[in-house]
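A.B. asks:
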Amino acid sequence: MDRIFRSGCDVRWVLILATWIFGLLPPAALAAEGDYLWIEGESATTQNMLRQNWYDSVKKNQLSGKDWLSNFGSKVAEATFKLEIPKDGTYAFWVRANPVAGPLLSYKLGNGEYVAIDLSKNRENTNIASDDKPDMRFIAWIKVGDLPLKKGPLDIGFKMHSGNNNHGGLDCFVLSAVPFTPNGLVKPGQKLNLAATGTWSFEPDTDTFDAKKAMIDLRSLNEKVAGENGYWKVTPDGDLKNAKGQIVRLWCANTGVQERNGLDDLKQHAKFLAKRGVNMVRHHGHINPEPNQQITQVNEKQIDALQKLVAIMKEEGIYTTFSPFWGISSASASWGIEGHANGSLYTLVFWDPTLQKAYKGWLKEALTRPNPYEKNKLPLSKDPALAILQIQNEDSFLFWTAQNLKGPVLARLQTIYDSWRKEKGKAPSSLAIRFWELGNPTQDHKDTMQFFTETMRKFNAEIGRYLKEELGCSALVNAGNWRTANQVKLLDLERYSYTANPIIGVNRYVGPGLGCDHLCPGQQDTSGYLVKKGDFFQDQSALLNPGMIPTTAKQVTGLPYIISESTWVPPMSYQSEGAFLVSVYSSLNGMDGYYWFALGDIGFDRTLSKWGCATPSLMGGWPAAALLFRKDYVKRGVPAVHEERSLEDMYNLCAPIISEEAGFDPNRDTIISPKSSIKNGVDPLAYFIGPVEVTYAGDPVKSTVTDLKAFIDVSRKTVKSSTGEILLDYGNGVCTLNAPAAQGATGYLAKVGEIKLGAITIKVKNDYATVLVVSIDGKPLAESAKILLQITTRCRPYGWKETDGVDFKSRDGKASFKGKRVDDTGGYPWNVWNTEMSVSVRNAKLTKATLLDANFYPMETKVESVVSGGVLTVTPPPNGMYLVLE
56 MDRIFRSGCD VRWVLILATW IFGLLPPAAL AAEGDYLWIE GESATTQNML RQNWYDSVKK
116 NQLSGKDWLS NFGSKVAEAT FKLEIPKDGT YAFWVRANPV AGPLLSYKLG NGEYVAIDLS
176 KNRENTNIAS DDKPDMRFIA WIKVGDLPLK KGPLDIGFKM HSGNNNHGGL DCFVLSAVPF
236 TPNGLVKPGQ KLNLAATGTW SFEPDTDTFD AKKAMIDLRS LNEKVAGENG YWKVTPDGDL
296 KNAKGQIVRL WCANTGVQER NGLDDLKQHA KFLAKRGVNM VRHHGHINPE PNQQITQVNE
356 KQIDALQKLV AIMKEEGIYT TFSPFWGISS ASASWGIEGH ANGSLYTLVF WDPTLQKAYK
416 GWLKEALTRP NPYEKNKLPL SKDPALAILQ IQNEDSFLFW TAQNLKGPVL ARLQTIYDSW
476 RKEKGKAPSS LAIRFWELGN PTQDHKDTMQ FFTETMRKFN AEIGRYLKEE LGCSALVNAG
536 NWRTANQVKL LDLERYSYTA NPIIGVNRYV GPGLGCDHLC PGQQDTSGYL VKKGDFFQDQ
596 SALLNPGMIP TTAKQVTGLP YIISESTWVP PMSYQSEGAF LVSVYSSLNG MDGYYWFALG
656 DIGFDRTLSK WGCATPSLMG GWPAAALLFR KDYVKRGVPA VHEERSLEDM YNLCAPIISE
716 EAGFDPNRDT IISPKSSIKN GVDPLAYFIG PVEVTYAGDP VKSTVTDLKA FIDVSRKTVK
776 SSTGEILLDY GNGVCTLNAP AAQGATGYLA KVGEIKLGAI TIKVKNDYAT VLVVSIDGKP
836 LAESAKILLQ ITTRCRPYGW KETDGVDFKS RDGKASFKGK RVDDTGGYPW NVWNTEMSVS
896 VRNAKLTKAT LLDANFYPME TKVESVVSGG VLTVTPPPNG MYLVLE
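In this note's numbering, the protein residues as written are 56 to 941.
1. Quick one: is Ser628 buried, meaning 16 or more other Cβ sit within 10 Å of its Cβ, or exposed?
2. Contact defined as beta carbons within less than 8 Å: I believe Pro26 pairs with Gly416. What is the distance between those atoms, to the nearest angstrom?
3. Let's see if you can read the secondary structure: which residues bound the alpha helix (DSSP H) around Met368?
4. By Cβ distance, which residues of its chain are closer than 6 Å to Ala516, with the 5 residues on each side in sequence left out?
5. In angstroms, rounded to a whole number, what distance separates the CA positions of Ile712 and Val774?
6. Does DSSP classify Thr928 as helix, strand or coil?
7. Taking Ala269 and Asn910 to be in contact with their CB atoms under 8 Å, please state how far apart those CB atoms are, rounded to whole angstroms.
8. Please state whether DSSP places Ile471 in a helix, a strand or coil.
9. Taking the alpha-carbon positions, what's the Thr791 to Ala298 distance?
10. If Leu836 and Ala796 are in contact, beta carbons under 8 Å, what's the gap, nearest whole angstrom?
11. Using only the alpha-carbon positions, how far apart do Tyr472 and Asn347 sit?
12. By the three-class DSSP mapping on this structure, what secondary structure does Phe684 have?
13. Measure the C-alpha to C-alpha separation of Pro852 and Glu703 and round it to an integer number of angstroms.
14. Between the Cα of Gly860 and those of Asp143, Trp666, Ser871 and Ile172, spot the shortest distance and give me the residue it belongs to.
15. At a Cβ threshold of 8 Å, is Val921 touching chain B?
16. Pick from Ser387, Asp656 and Val749: whose alpha carbon is nearest that of Leu614?
17. If you reduce the DSSP assignment to three classes, tell me which class Thr409 lands in.
18. Indicate the three-state DSSP secondary structure (helix, strand or coil) for Ser484 in the structure shown.
19. Looking at the unbroken beta strand (DSSP E) that takes in Arg337, where does it start and where does it end?
20. Report the partner residues of Glu37 according to the DSSP bridge assignment.
21. Quick check for students: name the residue ranges of the beta strand (DSSP E) that lie wholly in the stretch 634-667, counting only runs of 3 or more.
22. Roughly how many angstroms lie between the CA atoms of Pro931 and Thr801, to the nearest whole one?
23. Quick check on the DSSP output: what are the complete beta strand (DSSP E) runs of length 3 or more inside the stretch 807-859, in order along the chain?
24. Under DSSP, the beta strand (DSSP E) around Ile194 begins and ends at which residues?
25. Using CA coordinates, which residue listed in Thr145, Ser256 and Ser920 is at the minimum distance from Pro203?
26. Is it buried or exposed for Lys363, if we count other Cβ within 10 angstroms and need 16 for buried?
27. Looking only at its own chain, which residues have a Cβ that is under 7 Å from the Cβ of Val887, when we skip the five neighbours before and after it?
28. In the structure shown, what three-state DSSP assignment does Met518 receive?
29. By DSSP's criteria, Tyr414 is part of a beta bridge. Which residues make up the other side?
30. DSSP three-state call for Asp438: helix, strand or coil?
31. Please name the residue in Leu276, Thr497, Ile518 and Ser830 whose C-alpha comes closest to that of Tyr414.
32. Looking at the structure shown, is Glu345 part of a helix, part of a strand, or coil, going by DSSP?
33. Using only CA atoms, which one of Leu444, Gly874, Asn793 and Lys176 lies nearest to Pro557?
34. Whether or not the stretch 598-616 and the stretch 660-677 are in contact is what I'm after, with contact meaning three or more pairs of Cβ atoms, one per stretch, closer than 8 Å; do they touch?
35. Contact between the stretch 343-357 and the stretch 925-940 is defined here as three or more beta-carbon pairs at a separation below 8 Å; is this criterion met?
36. Name the DSSP bridge partner or partners of Thr181?
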């Protein structure tokens, strides 16, 4: 399939035809009959724009009329449009314009005064730069407001007048007398139907949320209102439960829609997520002030966004996790932190009293104010819909950033360390923040790591106390979510510091694990936030390197475990396995919640972005996966590993018997406690057998490991779960699920031919795909009267081009890799690999299959299906993504 994105042969003709059709539209044309006007920016009646070659170097095929009205120069520019309003009424006024890098765009009606347009509240903000650089060439939809207009002629003027070269871009604007929801560059009801050979064009309609028409709607899995059953508690087994005693399982997403969208957009976003099984969102915020402000101030926009999010999401039964602070934030001398003149704040919140006092003040402001968006004005500290609070994001004394402590700040920390050593009866010694030496640690290394761990744990405990006792907040607390500079030696210390609070967390992303997931050549490395032309990347399924799968995690006995940030990171294309693997192995291992990262818009992403998860391959796989996870269709396994670690061994930097590190070698990476009942390291494939758990301050003699040989076949490269329901074939890159109410397979399915499971048989031609067959009514598949068949494949933006088999080097030139090069990032719409398979279900009740669209409404397309001998065999059409079997 890769070659179809390189040849460009067929897609050029499609593009030529589409351009010709759009070319038939006259300037300032009505794009639809009667109820709204769609006016192209480039069709202005008069204008004095100064076009600039660089600013105009944009992807014209991502503009509605294949051009825009733009200005970049020393003079203010204006444009006028002469319109004919078809009837009296109130018209919603929308513009598709550039909101990035400080543009100023104003409008006026007739001879009236210019009114500035607030560009900060926008949606579908898309980089359209021809070279993909994230500079100032973007386009987004902005609702200007509602205008009462009279039938007849009307002049509308626009002015571009920013201090930044008066820059501005206007693709089009809309005046609508009926409800209007933007959908990229397409007009209501329009489809571009642009698809390369072997793919179909993914262009979902705006959802009307017609509950009577939708054949799938997972909103019913949520409470009527989040928090209606009070605050959650933690069970002795480490599960979350509500006040009714029901176990809570979380299908979650990080979102930023609340930060730049209005309430109506956020309501639509909440409905969209609930329909797909989401019952938790995360607001990763920065409630601290700007560097040049006073430390006692707060980020008012962030608090407002948080309040909006909690209030709107709870109405759809969705809870909120709040992450208020990240040490990457910068501070200046105005903050008054002794010895800290400027720069990031890594580790300071754990020990600096000035920052700690300010941090508590920020929390107080965010949590105790009445929430103006909540119907009862309930402060967040009293709202059970705010279910989890993460103390901080991605900071630790045990990570490499601690080595950035220098000068007066390091001297202050050394003084605290001296006092700690004195209390322990130890002689003075310098902090040993030399993580690269931990392979052969000295006593100074061990003491330093113990000091760091105890300091973090003390801070975490104090914030838990402060929230509960002084702010009256009963939300569950998660201390942190980070990794360490040495995962084998230090991760258990990191996690032990979290046990001062009731929830354990981690941020963990997925790549192919071949050595260099993504590299941007040249002087500036943008691969951390951007995918662009010329980038190199490696691309294969994580199933071939199972240590990359994020559910390979040691869970602390008796405490819930969440993965608060994770996704299968683009430009990796083998993504459809993600939702399958997360739901299946989270169920097996008893994990409590997985947070997809990240959502920046209401529905699906318009095109590929570095950290976007709203793709047809990833988010398209949520419904069936969320259903089986939240309905508990997959059995929890018995612990494959139960490890007990003494604090003495941990502080002596003894290795655990099993690590989360993908490169952990149980035969080499171990200097295990001599007291442990386990004398050799444990194969990390144990994570795919059942839960791996650890008890801190425990007795190493009590550590146990199941008989791994009964589940792992090294010669065949397979591992089966202790429940017998899951089989991972990491040699071929395939995983199958065979539970009574949920069955399916993911990976390189064509390699293994026919896949026969308990109630289904899958015959696949797709090289790579994911198939889930899940009971909707809760009965076993062999008896169910209503079943969801969900199929996800790979996807790329239309026009994406790549070259395979490319040799490239690491940024330092020392390592060589082979992979792919991005030749064109393409754009809207998504092209999804065709479905090429048949699925048979052995259930005599089933007689028909209905194809659904991306919003789960029935389509008119007839599905090829045959009933014979109590078996329904379905051959989905190429665009078969969701089908209901009845």
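Glycine is no exception: its CB is placed at the ideal position from the N, C-alpha and C atoms.
C.D. replies: Let me spell this out:
1. The residue is buried, with at least 16 neighbouring Cβ atoms inside 10 Å.
2. Given that the chain is displayed from residue 56 to residue 941, the structure contains no residue 26 and the question cannot be resolved.
3. Taken as a continuous stretch (DSSP letters only), the alpha helix (DSSP H) holding Met368 covers Glu355 to Lys369.
4. Close CB contacts of Ala516 within its chain, under the 6 Å cut and outside five residues either way in sequence, are with Ala555 (chain order).
5. Cα to Cα, the separation comes out at about 19 Å.
6. The answer is strand: DSSP assigns Thr928 an E or B state.
7. With a Cβ gap of about 7 Å, Ala269 and Asn910 count as contacting.
8. In the structure shown, Ile471 sits in a helix (DSSP, three-state: H, G or I).
9. Spanning the two alpha carbons is a distance of roughly 35 Å.
10. A Cβ-Cβ distance of about 6 Å is found for the pair Leu836 and Ala796, placing them in contact under the 8 Å criterion.
11. Tyr472 and Asn347: Cα-Cα distance of roughly 31 Å.
12. If DSSP states are grouped into helix, strand and coil, Phe684 belongs with the helices.
13. Rounded to the nearest angstrom, the two C-alpha atoms are 53 Å apart.
14. Considering only alpha carbons, the answer is Ser871.
15. Among the chains in the structure shown there is no chain B, since it carries only a single protein chain.
16. Out of Ser387, Asp656 and Val749, Val749 has the C-alpha closest to the C-alpha of Leu614.
17. Reduced to three states, the DSSP call for Thr409 is helix.
18. Judged by DSSP in its simplified three-state form, Ser484 adopts coil rather than helix or strand.
19. In this chain, the beta strand (DSSP E) harbouring Arg337 covers Met335 to His339.
20. Shown here, the chain extends from 56 to 941; a query on residue 37 therefore has no answer.
21. Entirely contained in the stretch 634-667, the beta strand (DSSP E) runs reaching 3 residues are, in chain order, 648-654.
22. Annotation: Pro931 to Thr801 spans about 17 Å, alpha carbon to alpha carbon.
23. 815-819, 824-830, 842-847 and 850-853, all fully within the stretch 807-859.
24. Ile194 -> beta strand (DSSP E) spans Phe193 to Leu204.
25. Per the C-alpha coordinates, the member of Thr145, Ser256 and Ser920 positioned closest to Pro203 is Thr145.
26. It is buried - the Cβ of Lys363 has at least 16 other Cβ atoms within 10 Å.
27. In its chain, beyond the 5 residues on either side, Thr254, Trp255, Phe257, Pro671, Thr848 and Cys850 have a beta carbon closer than 7 Å to the beta carbon of Val887.
28. Inspection of the sequence shows that residue 518 is occupied by Ile rather than by Met. Per DSSP, reduced to three states, the secondary structure at Ile518 is helical.
29. DSSP output for Tyr414 lists no bridge partner at all.
30. In this structure, Asp438 counts as coil in the three-state DSSP scheme.
31. Tyr414 has its Cα closest to that of Ile518, out of Leu276, Thr497, Ile518 and Ser830.
32. For Glu345, the three-state secondary structure derived from DSSP is coil.
33. Residue Leu444 is the option with its Cα nearest to Pro557.
34. No, because fewer than three Cβ pairs between the stretch 660-677 and the stretch 598-616 fall closer than 8 Å, the two stretches do not touch.
35. With fewer than three CB-CB distances shorter than 8 Å, the stretch 343-357 does not count as touching the stretch 925-940.
36. DSSP output for Thr181 lists Ile194 as bridge partner(s).
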